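Q: Read in order, the letters of the sequence shown are residues -19 to -1, 1 to 361 in mature numbering (1 follows the signal peptide of the UniProt record, and there is no 0).
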Amino acid sequence: MHKSIASLCCLWFVFVATAQNNPVDTIPFTVNNVLLVFKGAINGVETEFAFDTGAGLTVTNSTTNTMCGIQVKGGGKSVRDANQTINRLQSVVIEDIAVGSYHVRKLKAVTTDMPYLYCANLVLLGQDFIKQFNWKIDFEKQYIYLSQKPFAADETAKLWQPVFKGNRPFVPVSLNGSAPIGCLIDFGFNGTLDLLLTNPAAQQLLATKQQQKAVNQYARVNMGLNGYSAAEPESDFLTDTLNLAGTPFTNVLTSIRPANETKLGVQFFKNYVRCFVLNHTENKYYLTPSQQPVVRTAPLDARFTYKNGRILVLDKNTGDASTAAALETGEEVKRINKLSAADFKNECDFLLWMYHYKGQELQVEKMNGTQLILKRSSVF
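(1) CB-CB under 6 Å to lysine 347, same chain, minus the five flanking residues each way: which ones, in chain order?
(2) Which of helix, strand or coil does DSSP assign to glutamate 313?
(3) From Gly56, Ser128 and Lys112, pick the residue whose C-alpha is nearest to that of asparagine 3; which is it?
(4) At what residues does the alpha helix (DSSP H) containing tyrosine 253 begin and finish?
(5) Under DSSP, the beta strand (DSSP E) around isoleucine 125 begins and ends at which residues?
(6) Whole angstroms are fine: how far does the CA of tyrosine 99 sit from the CA of isoleucine 166?
(7) So leucine 234 and aspartate 217 are in contact, right, with Cβ under 8 Å, and what is the actual spacing, rounded?
(8) Using the Cα positions of isoleucine -15 and asparagine 241, report the straight-line distance between them to the nearest angstrom.
(9) Going by C-alpha to C-alpha distance, which of Leu343, Phe19 and Val15 sits closest to threonine 7?
(10) Where does glycine 21 land, buried or exposed, given buried means 16+ other C-beta within 10 angstroms?
(11) I need the DSSP call for residue 364, collapsed to helix, strand or coil.
(12) Going by Cα to Cα distance, which pick from Arg291, Ala302 and Asp301 is closest to leucine 320?
(13) What residue from Arg149, Ser43 and Glu215 has the CA that sits closest to leucine 176's CA?
(14) Where do the ends of the beta strand (DSSP E) carrying residue 362 lie?
(15) Count the CB pairs spanning the region 196 to 206 and the region 140 to 152 that are closer than 8 Å, and state whether there are at least three.
(16) In the DSSP assignment, find the beta strand (DSSP E) that holds threonine 7 and state where it starts and stops.
(17) How would you write the range of the alpha helix (DSSP H) that residue 392 sits in, first residue to last?
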């Protein structure tokens, strides 16, 4: 999943939402679970939602379907995920979906068991729900405010005018003074900034960083709704200046890979934004920059997956200074941090452990007994 969890294509139905007296609901959230997660309810059963502005449709999983009595329909919808893979997903009907005091009835969504969402038992809340309301997200207090009436912007807020394409919001951004390019606001993407490889501004920026020897190179596998991508080259570096909503943001962690689109992820908002207002009734977004120092967490030089009772190398840093040079993608290892495959109950147990691992180093034992210490990649 590294960078990308889900990007869905279009909104097919319009729903009627109700809430008494148009209250402003206050809902705590966390980003500890990789995505922005908060509690709500489906058919009266408490449910954890992952807020995904980059998803046109809400996505459930088989566990949630059973737990909440969600009806799976015949047929389905063709969905393009974050890896640009198209697959046909089964349709479901959610009789009642609620966040705070706000409800949407008869929501027609899709269902699939994307590994991370299934293992964490999260429902991906898409634009078919999000766009019907106004949202204010306070990243410092970690509260979401939800209303049918638009929120007033504070005096330091910067106006963004989103353009919706396929029911997903795009805004203009500029890289180191380049001409504006369209950028998806994608809270289902657990990264900071991804750039489309074919964009001329991105190509020029990458060439400059390569000349400066300020690029980390990876063979990266990414998780999307339709499964894992094949390993593909990825370049990570710091963009000197990202200008958006009339505001410059400096040294923004940036990734470029082939099967990609230009998008801002949840880590950008967590690190650079104090408050983000999404006034859908006015089609206006407001961004208030954070004054807190940016704290970056670099990825480990290799990541691992669990398959058929074995721990395998998923992807790795391929640079000259990589501490994963002795590992090959797909290679089986005996232990990580002294834990063997037998120490994990199943794939979900391992996946959640791997995604939430916070250590600065990871001890790896190869099948031949060789010991390695993997470190986190340089963030320059």
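Cβ coordinates follow ideal geometry from the N, Cα and C atoms, glycine included.
Since the model is a prediction, treat every value here as computed from it, not as a measurement.
A: Taking the coordinates as given:
(1) Val314
(2) strand
(3) Ser128
(4) 247 to 253
(5) 124 to 128
(6) 23 Å
(7) 7 Å
(8) With a pLDDT of 40 at isoleucine -15, under the threshold of 50, the predicted position of this residue should be treated as unreliable, though the coordinate-derived value follows. Going from the Cα of isoleucine -15 to the Cα of asparagine 241 covers about 12 Å.
(9) Phe19
(10) buried
(11) Here the chain has residues from -19 to 361 only, and residue 364 is not among them.
(12) Arg291
(13) Glu215
(14) There is simply no residue 362 to check, as the chain begins at -19 and stops at 361 in what is shown.
(15) no
(16) 6 to 9
(17) A question about residue 392 goes unanswered here, because the residues of the chain that appear run from -19 up to 361.
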